[in-house]
Amino acid sequence: MKFISTRDPSIRVDLSSALLAGLAADGGLYMPQQLPRFSPGDFDHQESIAEIATQLLQPFFADDPLADELAAICNEAFDFPAPLKALALDQTCVLELFHGPTAAFKDFGARFLAACMKRLRKSDQPVLTILVATSGDTGAAVAAAFHGLANLRVVVLYPDGRVSPRQAHQLGCFGDNVTALRVAGSFDDCQRLVKQALSDPELQAQVPLSSANSISLGRLLPQMSYYAHAALAHWRQTGTSLNFVIPTGNLGNAMAAILARACGLPIADIALATNANRVLPEFFAGNSYAPQQSVATLANAMDVGAPSNFERLRHLYADADELRATFKVLAVDDPAIRATIKAATQRYGEVFCPHTACAARVLEQLREQGCQGHWAMVATAHPAKFEQIVEPLVGHALVPPDALAELLARPASAEPVRPSYEALRQTLTSRKLP
Numbered sequence: 021m022k023f024i025s026t027r028d029p030s031i032r033v034d035l036s037s038a039l040l041a042g043l044a045a046d047g048g049l050y051m052p053q054q055l056p057r058f059s060p061g062d063f064d065h066q067e068s069i070a071e072i073a074t075q076l077l078q079p080f081f082a083d084d085p086l087a088d089e090l091a092a093i094c095n096e097a098f099d100f101p102a103p104l105k106a107l108a109l110d111q112t113c114v115l116e117l118f119h120g121p122t123a124a125f126k127d128f129g130a131r132f133l134a135a136c137m138k139r140l141r142k143s144d145q146p147v148l149t150i151l152v153a154t155s156g157d158t159g160a161a162v163a164a165a166f167h168g169l170a171n172l173r174v175v176v177l178y179p180d181g182r183v184s185p186r187q188a189h190q191l192g193c194f195g196d197n198v199t200a201l202r203v204a205g206s207f208d209d210c211q212r213l214v215k216q217a218l219s220d221p222e223l224q225a226q227v228p229l230s231s232a233n234s235i236s237l238g239r240l241l242p243q244m245s246y247y248a249h250a251a252l253a254h255w256r257q258t259g260t261s262l263n264f265v266i267p268t269g270n271l272g273n274a275m276a277a278i279l280a281r282a283c284g285l286p287i288a289d290i291a292l293a294t295n296a297n298r299v300l301p302e303f304f305a306g307n308s309y310a311p312q313q314s315v316a317t318l319a320n321a322m323d324v325g326a327p328s329n330f331e332r333l334r335h336l337y338a339d340a341d342e343l344r345a346t347f348k349v350l351a352v353d354d355p356a357i358r359a360t361i362k363a364a365t366q367r368y369g370e371v372f373c374p375h376t377a378c379a380a381r382v383l384e385q386l387r388e389q390g391c392q393g394h395w396a397m398v399a400t401a402h403p404a405k406f407e408q409i410v411e412p413l414v415g416h417a418l419v420p421p422d423a424l425a426e427l428l429a430r431p432a433s434a435e436p437v438r439p440s441y442e443a444l445r446q447t448l449t450s451r452k453l454p
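Sequential numbering of the sequence shown, starting at 21, is according to this note's numbering.
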């Protein structure tokens, strides 16, 4: 299969080339030239996420140098669960995506991408720098996935003071081939700097770069797998398609569900939950798409004012009216996040992180509007990563999962950097990174 740029379909590359480049040469995002079509029966003999992923992703890897390695890559990346858990409220469940090594859904895509990259990079090639902008969880997942891999290093940019303390600690606790940069700005600044660096041929000649943000196909494609796994489990049990409500900022996780449905997986409606950053809700309400400076919220990993994957969404749905008619997108402000977390123990029997609380509140609104059927809220991170927010609301301490506790026990440090491209460029070129 070939992959084309969202901006120029004449740019066509194989999957390995797209993974290594991150961005297309014209600054666009790579998309499959065509999507395969499946039916639930195509997965009758697959049970685990790794098995379903191998079947689902095989057409995307066709004729690629990594094709023969796909099963091994999936087994290596998806060695932790993503349970679809029934809740106390009828016809409501939660898809828990926080059981990986950094307690966030980003572990799925990051580990898959790392498994691909280490097979693509040769020992006699220059070191490849994976440049990552993070609003909270991506950076730690990528750092954990690439930590210690030969001929690969990671530089993580995060907005100083706008991630939770435990997220910040995770970002700076790896060392070795991982460098954390705390940027005096917003996530949008970090994302802008990464895109500028990836589009700079002069810099690339000095410091070979790639990306592990959700702009990377190596993140997007594997994230389809846990939606396929959950939807197939529900289909096998009920014979019906499952609805999802997904908390989103940069639209990567949501885009994975959208692509899985477009490939024929038994997924019904997809609703998107944002925080007080209202770029997407305003567009879906009928206004023009107008990126804005992001605002800080309790659901910090969704603090995005210019969602990168909106470009992929418009590529898939060229007609704006059709796009608006296809998805419901609702915003949740901080008071509603607090109220939802506080009520969730009694209402659902669960403790939610602020991002998952956005999904829960949107589902409540959809139910109030008359939406029926089985719905899965997507839980994107473990609540213990946000203990300063969640613990006062639920009235008790949260025990971090073992993997998170181990990371928090390590020393951590990050280097300050100005939110200017020249500052980043100088950091990347003027000294030897680990």
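The beta carbon of each residue, even a glycine, is placed where N, CA and C say it ideally should be.
- Fewer than three beta-carbon pairs drawn from the segment 167-175 and the segment 387-399 are found closer than 8 Å, and the two stretches are therefore not classed as touching.
- Taking all protein chains shown into account, histidine 65 has fewer than 16 neighbouring C-beta atoms within 10 Å of its C-beta and is therefore exposed.
- For glutamate 71, no beta strand (DSSP E) encloses it; the enclosing alpha helix (DSSP H) starts and ends at 69-81.
- About 5 Å separates the beta carbons of isoleucine 72 and histidine 249, which is inside the 8 Å limit, making them a contact pair.
- Setting aside the 5 residues that flank it on each side, glutamine 312 is surrounded in the same chain by Val299 and Gly325, each with a C-beta closer than 7 Å to its C-beta; the list follows chain order.
- Beta-carbon to beta-carbon, leucine 191 and glycine 159 are separated by about 5 Å, close enough to satisfy the 8 Å threshold.
- In this structure glutamate 384 is buried. Its beta-carbon is surrounded by 16 or more other beta-carbon atoms within 10 angstroms.
- Counting C-beta pairs closer than 8 Å gives three or more between the segment 371-385 and the segment 397-413, which meets the contact rule.
- The segment 33-50 and the segment 324-338 touch, with no fewer than 3 CB-CB distances between them shorter than 8 Å.
- Rounded to whole angstroms, valine 265 and serine 143 show a C-alpha spacing of 43 Å.
- Residues Arg445 of the same chain have their beta carbon placed closer than 8 Å to that of aspartate 220, with the five preceding and five following residues left out of the count.
- Taking one beta carbon from each stretch, the segment 181-188 and the segment 403-422 have 3 or more pairs nearer than 8 Å; the two touch.
- Annotation note: the segment 177-246 contains the following uninterrupted alpha helix (DSSP H) runs of length 4 or greater, listed N- to C-terminal: 185-192, 207-218 and 221-226.
- In this structure, phenylalanine 347 lies away from phenylalanine 303, with their beta-carbon atoms at least 8 Å apart.
- Secondary-structure assignment with DSSP links valine 371 through no beta bridge to anything.
- A contact is defined here as three or more CB-CB pairs under 8 Å, and the segment 225-244 meets this definition with respect to the segment 118-133.
- In the same chain as threonine 294, and ignoring 5 residues on each side of it, the C-beta atoms closer than 8 Å to its own belong to Pro267, Thr268, Gly269, Leu300, Pro301, Met322, Val349, Leu350, Ala351, Val352 and Cys378, in chain order.
- Burial is judged here by how many other beta carbons sit within 10 angstroms of a residue's own beta carbon; valine 227 has at least 16 and is buried.
- Alanine 70 places its beta carbon less than 8 Å from that of phenylalanine 98.
- The Cβ atoms of phenylalanine 207 and alanine 153 sit closer than 8 Å to each other.
- Distances from the alpha-carbon of threonine 122 to those of Phe194, Arg367 and Glu435 put Phe194 closest.
- In the DSSP assignment, proline 301 falls within the unbroken alpha helix (DSSP H) covering 299-304.
- Bridge partners of serine 25 according to DSSP: Tyr50.
- When secondary structure is reduced to three states using DSSP, valine 162 falls in the helix class.
- Here alanine 380 is not near threonine 365, since their CB atoms are 8 Å or more apart.
- In the displayed model, leucine 104 falls within a strand according to three-state DSSP.
- Annotation for isoleucine 93: Leu86, Phe132, Ala135, Cys136 and Arg139 place their beta carbon closer than 8 Å to its own, counting only its chain and skipping 5 residues before and after.
- Note on geometry: alpha-carbon atoms of threonine 449 and alanine 232 lie some 20 Å from one another.
- Close CB contacts of valine 382 within its chain, under the 7 Å cut and outside five residues either way in sequence, are with Val265, Ala291, Ala293, Leu350 and Val352 (chain order).
- Here DSSP, grouped into helix, strand and coil, assigns alanine 338 to coil.
- Between glycine 42 and isoleucine 278, the C-beta gap is not smaller than 8 Å, which leaves the two residues out of contact.
- For the pair alanine 163 and valine 198, the CB atoms are nearer than the 8 Å cut-off.
- For aspartate 289, the uninterrupted beta strand (DSSP E) segment begins and ends at 287-294.
- Between the C-alpha atoms of valine 176 and leucine 151 there is a straight-line separation of about 6 Å.
- Cβ-Cβ separation between alanine 288 and leucine 262: approximately 6 Å, consistent with a contact (criterion under 8 Å).
- Distance from the Cα of aspartate 28 is smallest, within the candidate group Pro52, Ser36 and Leu39, for Pro52.
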